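Here is the structure we will look at, set down as structure tokens.
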Amino acid sequence: MMWVMMARMEQTITTRGNGSAYAAPDAMRLSVSVVNRESTVSLALAATARGVATAGEVARKHTESTQISSSGLSVWPDQDKGGRRADFQARHSLQIYCPGLDSAGDLVTALAEALGSAIQVDHIELVITDPGPLETAARKDAFHDARAKAEELAALADLTLGGAVAVVEGGGSEGLGLVRMLAASGGDSTRFEAGSQAVSASVTVSWSAR
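Our numbering numbers the first residue of the sequence shown as 1013 and each following residue consecutively.
Set out below in structure tokens:
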């Protein structure tokens, strides 16, 4: 009589883990536009060019020249209430990266004082200068989350969980928790409250199980 012994086939359990780490933003990307209305295209462009030059001078007092860049230029005809063409508007958009939220608030105030109604704040993005350590912490948290899920599934399936045999990193993302802009009034500088920003990570891990 022949006995054939077969080893139990090794199986795998695959889980997805998510993790996050938090810190306060310490810098800002500011999107602004210089807008002017004049009777001709050339006059609108010239007025906007002067405004951009002024905005650049102001911005260089709060950040490096390399952190100031143009992001768009457009000219279009305005119409009066009767639908007839009236003046022309020109818009020149700038992106400014400003380290330090206090300096960013001073920059917004200075731009408003120098350009008045010709300056428009299009968008602000508060950022973390060095997200690397947060990304590392978020990945570690995500791996532990995946392990905990795998242990739970292994217990339900009456299996013993082994080590990781494959790991795939998912996309990370940054979500803005709380941001408030306190507008300048009475000569006070604009102030930004950063709140907390999350750096997230996800991993998909396959584990051996027997």
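Backbone N, C-alpha and C define an ideal beta-carbon position, used for all residues, glycine too.
Values in this document were obtained by computation on a predicted structure and should not be read as measured data.
Asked, Found
"Status (buried if at least 16 other CB within 10 Å, exposed otherwise) for T1078", "exposed"
"Run of the beta strand (DSSP E) containing G1031, from where it starts to where it stops", "1023-1035"
"Inter-residue spacing [alpha-carbon to alpha-carbon] between I1108 and E1147", "25 Å"
"Pairwise C-alpha distance: T1141 and A1116", "14 Å"
"Check whether L1119 and C1110 have beta carbons under 8 Å apart", "yes"
"L1194 (DSSP reduced to helix, strand or coil)", "Bear in mind that the predicted position of L1194 carries a pLDDT of just 47, short of 50, making it unreliable; the figure below should be weighed with that in mind. The answer is strand: DSSP assigns L1194 an E or B state."
"Inter-residue Cα distance where the pair is A1098 and R1028", "59 Å"
"Proximal residues to D1134 (C-beta, below 8 Å), its chain only, five neighbours per side dropped", "S1043, V1044, S1045, S1105"
"Same chain, Cβ closer than 7 Å to T1216, five either side skipped, listed in chain order", "T1026, R1028, V1180, G1182"
"C-alpha gap between E1163 and D1157, whole angstroms", "10 Å"
"Cβ neighbour criterion (16 or more within 10 Å) applied to W1219", "buried"
"Length-filtered (4 minimum) alpha helix (DSSP H) runs lying within the segment 1027-1086", "1053-1071"
"P1145, DSSP secondary structure in three states", "helix"
"Distance between A1035 and G1207 (C-alpha atoms, nearest Å)", "9 Å"
"Euclidean distance between Cα positions of G1128 and K1152", "48 Å"
"C-alpha distance - T1121 paired with R1062, whole-angstrom precision", "19 Å"
"Three-way DSSP call (helix, strand, coil) for M1014 in this model", "With a pLDDT of only 37 at M1014, under 50, the local geometry of the prediction cannot be trusted, and no value is derived from it."
"6 Å Cβ shell around T1060 - same chain, five flanking residues per side excluded", "V1046, N1048, A1102, H1104"
"Status (buried if at least 16 other CB within 10 Å, exposed otherwise) for Y1033", "A small correction: the amino acid at residue 1033 is Ala; Tyr does not occupy that position in the sequence shown. Buried, since its Cβ has 16 or more Cβ neighbours within 10 Å."
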